[in-house]
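Residue numbering for the sequence shown is 0 to 129, as defined by numbering that gives the first Met the number 0. The structure under discussion appears below in the form of structure tokens.
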Amino acid sequence: MDVVGDSNLQALLAGTPLHLSGEAARVVRADWILEAVRLGLAVDVDNAVIAGDLDLSGRYVPAAFSITNSRAAGISLGDARFLQALRFDGTTFEGRVILAGMRGEGDVSFAGVKFSGELDLSGVAIGGAL
């Protein structure tokens, strides 16, 4: 792993916001985000390019989750449960987005999101504001 990638991973796994600038520093691997969720950490990523499909299907996410102003291939949140705010504002999804059965206990925001692939919203339940 390169120095930039290593510092992004360390910041994410420390639970600190990861707000990126500059082309070289923008790559965040989907498996890093999955590991932060597995550890119960808040995810706050801005202006990133998410490398790989992010699969949080069936996950219990107790902390706030935010990927904003970023670009991602695909994401699956099917049957995932988010206890705090969930934000994807300004993010572009270039692949398949599966939210079927997702539960958001807090506010959920998709302001300014662009979807260019398949989108499945069946059975989504949101307890806060949308």
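All C-beta atoms in this analysis are idealised placements derived from N, C-alpha and C, irrespective of residue type, glycine included.
Euclidean distance between Cα positions of residue i and residue j
i	j	result
residue 118	residue 9	32 Å
residue 20	residue 122	36 Å
residue 61	residue 36	8 Å
residue 18	residue 7	10 Å
Rounded distance between the beta-carbons of residue j and residue i, thought under 8 Å
i	j	result
residue 97	residue 72	With a Cβ gap of about 13 Å, residue 97 and residue 72 do not count as contacting.
residue 108	residue 86	5 Å
residue 45	residue 68	5 Å
residue 55	residue 31	Incorrect: roughly 13 Å between the Cβ atoms, too far for contact.
DSSP bridge partner residues for residue i (one or two, in chain order)
i	result
residue 91	70 and 113
residue 54	75
residue 65	43 and 86
Opening and closing residue of the beta strand (DSSP E) in which residue i lies
i	result
residue 28	26-28
Same chain, Cβ closer than 6 Å to residue i, neighbours up to 5 away in sequence not counted
i	result
residue 105	83, 84 and 127
Cut-off 7 Å between Cβ atoms - residues of its own chain near residue i, not counting five sequence neighbours on either side
i	result
residue 114	92 and 96
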